[in-house]
Amino acid sequence: MTLALPSSVRPSPFRWQTRVLLVLYGLAWHLMLPVFLLFLWRRGRKEPLYRRHWGERFGRVDTALQRPVWVHSASMGELRGAAPLIRALLAAGYPVLVSTLTPAGRTAAHTLFAEDMAAGRLQVCFVPLELGWAVRRFVAHTRPRAALMTEIDTWPVLLAGIRRCGVPLGMANAQYPRKSIERDRRVAWGFRADIFRAYELVMCKSETHAQRFRDVGCERVEVVGETRFDLPPNPAHLAAGQALLAPWQLATGVVGGRPVLCFASAIVGEDEPFIDAISQVRQGVAAAGLPPLLVVYVPRSPQRFDAVAELLGAAGLRVSRRSRDLDAALQPNADSPDMATVDVLLGDSLGEMYFYLALSQVVVVGASFVPMGAHNVIEPLALRKPVMVGPSIWGIEYPGVEALEAGVLQQHMDIPGLSRALVDLLTSPERQALATAGAEAFYAEHGGSTRRHMAVLGPWLEGRA
238 MTLALPSSVR
248 PSPFRWQTRV
258 LLVLYGLAWH
268 LMLPVFLLFL
278 WRRGRKEPLY
288 RRHWGERFGR
298 VDTALQRPVW
308 VHSASMGELR
318 GAAPLIRALL
328 AAGYPVLVST
338 LTPAGRTAAH
348 TLFAEDMAAG
358 RLQVCFVPLE
368 LGWAVRRFVA
378 HTRPRAALMT
388 EIDTWPVLLA
398 GIRRCGVPLG
408 MANAQYPRKS
418 IERDRRVAWG
428 FRADIFRAYE
438 LVMCKSETHA
448 QRFRDVGCER
458 VEVVGETRFD
468 LPPNPAHLAA
478 GQALLAPWQL
488 ATGVVGGRPV
498 LCFASAIVGE
508 DEPFIDAISQ
518 VRQGVAAAGL
528 PPLLVVYVPR
538 SPQRFDAVAE
548 LLGAAGLRVS
558 RRSRDLDAAL
568 QPNADSPDMA
578 TVDVLLGDSL
588 GEMYFYLALS
598 QVVVVGASFV
608 PMGAHNVIEP
618 LALRKPVMVG
628 PSIWGIEYPG
638 VEALEAGVLQ
648 QHMDIPGLSR
658 ALVDLLTSPE
668 RQALATAGAE
678 AFYAEHGGST
688 RRHMAVLGPW
698 LEGRA
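Under our numbering, think of the first position of the sequence shown as 238, with each following residue one higher.
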């Protein structure tokens with residue numbers, strides 16, 4: 238089979254310094270390729286998918302899709318956030334090729350779009366590595382109608398290669414955090430910032446982000462919001478959570494039951510501080526005369542499940558693990574421990590966040606008490622839960638700033654402050670009601686992003702067969 242690139246090869250939009258650095262960057266990738274492949278192989282010890290589909294990482298993708306819209310979401314979280322947009326593209330009649338960087342993202346895509354894959358409307362693969370020839374091979378094999386990156390993607394060779402091959406390139410759910418743009422302008426003659434010129438269309442979460450993309454020279458920038466607001470909570474997970482509330486005597490299910498606190502997407506560096514917070518909140522809850530606190534603790538990374546379980550146990554906390562004590566329907570096994578004797582339910586599973594959130598009265602979102610910018614606050618807000626974060630929220634600037642202004646998100650600068658606020662909420666139904674009073678209006682204001690994305694994408698995709 239003869240592979241041909243699109244005929245409309247486009248000239249480079251980059252400054253000469255960026256073109257030089259692209260060459261050097263590409264050479265560095267070729268030199269370091271054996272090291273990166275060894276890294277993938279070692280990661281494959283715990284996640285076997287890292288050792289599979291290597292041909293795709295070098296651009297070899299066999300597909301029967303005709304001129305698909307290529308949607309790239311690097312991680313599981315980005316993929317879930319883009320799911321409403323992917324479904325809208327499918328509903329509009331476009332075949333979709335989904336690429337991911339991680340096995341978790343690939344697995345999530347298979348789960349979310351199983352029916353579409355079976356019907357031949359959608360295909361999932363790994364994104365090619367930062368090798369110019371791999372990107373060109375990928376484009377030649379798949380012949381995409383257009384490429385859509387999600388959130389913020391700045392793989393220089395990938396973006397430059399897509400542009401050079403003549404494939405229209407856009408970004409959905411686009412964000413450009415202040416911390417990122419300041420760094421990008423400062424490092425290597427603005428190399429990373431200049432790479433954004435590869436994008437023909439940028440669909441941003443907020444006007445603040447849009448202005449930053451305009452400042453670095455993007456051709457067309459629109460403000461459309463974030464499609465995560467259109468992602469419905471999993472009804473099976475909500476039902477499973479509700480089914481456990483009364484039997485477990487949780488405060489969200491019965492009067493006088495146990496208060497429940499969730500730590501969602503905790504990452505390395507946060508476990509010890511969060512364990513300190515758990516101790517302080519347990520004391521505060523007991524002093525208020527309430528039943529013992531139950532903590533739902535959900536680490537971000539599967540590789541950390543065992544280590545986190547050991548840390549919690551070493552702190553004297555009695556731990557129940559979802560993987561061991563709950564069945565496929567998220568109900569207790571026959572030999573599950575009595576929850577009255579359990580201090581922590583460890584959420585050692587993927588894709589079940591809404592179940593954990595449904596059990597909880599208040600949620601602390603991780604990656605915010607270390608300088609990593611915080612993880613997704615939209616999921617707990619979707620369930621109208623009071624949400625708290627730490628000092629680092631640059632990664633969720635939208636909707637973080639808007640949620641803070643609306644009073645549906647609380648920010649605390651340290652663990653003692655967080656602990657005091659948690660005790661105040663967990664011991665006062667009135668404060669809980671006030672903390673969630675604006676959630677309905679907040680969601681109504683920020684929903685509809687998928688429709689706004691498609692209003693922009695429809696004309697943009699027309700005629701690009």
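Ideal Cβ positions, reconstructed from N, Cα and C, are used throughout, including at glycine.
DSSP state of residue i mapped onto helix, strand, coil
i           : result
residue 369 : helix
residue 481 : helix
residue 609 : coil
residue 253 : helix
residue 673 : helix
residue 520 : helix
residue 407 : strand
residue 505 : coil
residue 461 : coil
residue 383 : strand
residue 701 : coil
residue 277 : helix
residue 282 : coil
residue 268 : helix
residue 238 : Only weak support exists for where residue 238 lies, its pLDDT of 44 falling under 50; the value from the coordinates is given anyway. Reduced to three states, the DSSP call for residue 238 is coil.
residue 498 : strand
residue 468 : coil
Short CB-CB distance (under 8 angstroms) between residue i and chain E
i           : result
residue 695 : The structure shown contains no chain E; it holds only a single protein chain.
Boundaries of the alpha helix (DSSP H) in which residue i is found, first to last residue
i           : result
residue 698 : 686–698
residue 434 : Counting along the chain, residue 434 falls outside any alpha helix (DSSP H), and DSSP gives it neither H nor E.
residue 654 : 652–663
residue 395 : 393–401
residue 637 : 634–643
residue 448 : 444–452
residue 629 : Note, residue 629: premise wrong, no alpha helix (DSSP H); not H, not E.
residue 619 : 615–619
residue 388 : Here residue 388 belongs to no alpha helix (DSSP H), and DSSP marks it neither H nor E.
residue 421 : 415–423
Residues near residue i in its chain [Cβ-Cβ closer than 6 angstroms; skip 5 each side]
i           : result
residue 239 : Below a pLDDT of 50, predicted positions are generally treated as unreliable, and residue 239, at 46, falls in that range; the measurement from the model is reported next regardless. So no residue of the chain qualifies.
residue 186 : This structure does not reach residue 186, given that the chain is present from 238 up to 702, and the question cannot be answered.
residue 631 : 414, 416 and 610
residue 596 : 478, 497 and 533
residue 620 : 594
residue 695 : none
Close beta carbons around residue i, own chain, < 7 angstroms, minus the five adjacent residues each side
i           : result
residue 662 : 599, 623, 668, 669 and 672
residue 536 : 503, 542 and 545
residue 283 : 540
residue 560 : 585 and 586
residue 356 : none
residue 297 : 374 and 378
residue 429 : 391 and 421
residue 646 : 614, 624, 626, 637 and 640
residue 443 : 460 and 635
residue 616 : 590, 591 and 594
Cβ-based burial, residue i [other Cβ within 10 Å; buried from 16]
i           : result
residue 650 : exposed
residue 273 : exposed
residue 267 : exposed
residue 703 : This structure gives no information on residue 703, because the portion of the chain shown stretches from 238 to 702.
residue 575 : exposed
residue 484 : exposed
residue 500 : buried
residue 251 : buried
residue 449 : buried
Span of the beta strand (DSSP E) around residue i
i           : result
residue 647 : 646–648
Cβ neighbours of residue i in the same chain (closer than 8 angstroms, five flanking residues each side left out)
i           : result
residue 563 : 569, 570 and 573
residue 372 : 296, 365, 394, 395, 398, 399 and 402
residue 557 : 573, 574, 576, 579, 581, 582 and 583
Fully enclosed by the segment 285–368, which beta strand (DSSP E) runs are 3 residues long or longer? 306–309, 333–337 and 359–363
Minimum length 3: unbroken beta strand (DSSP E) runs contained in the segment 523–598: 531–536, 556–558 and 581–583
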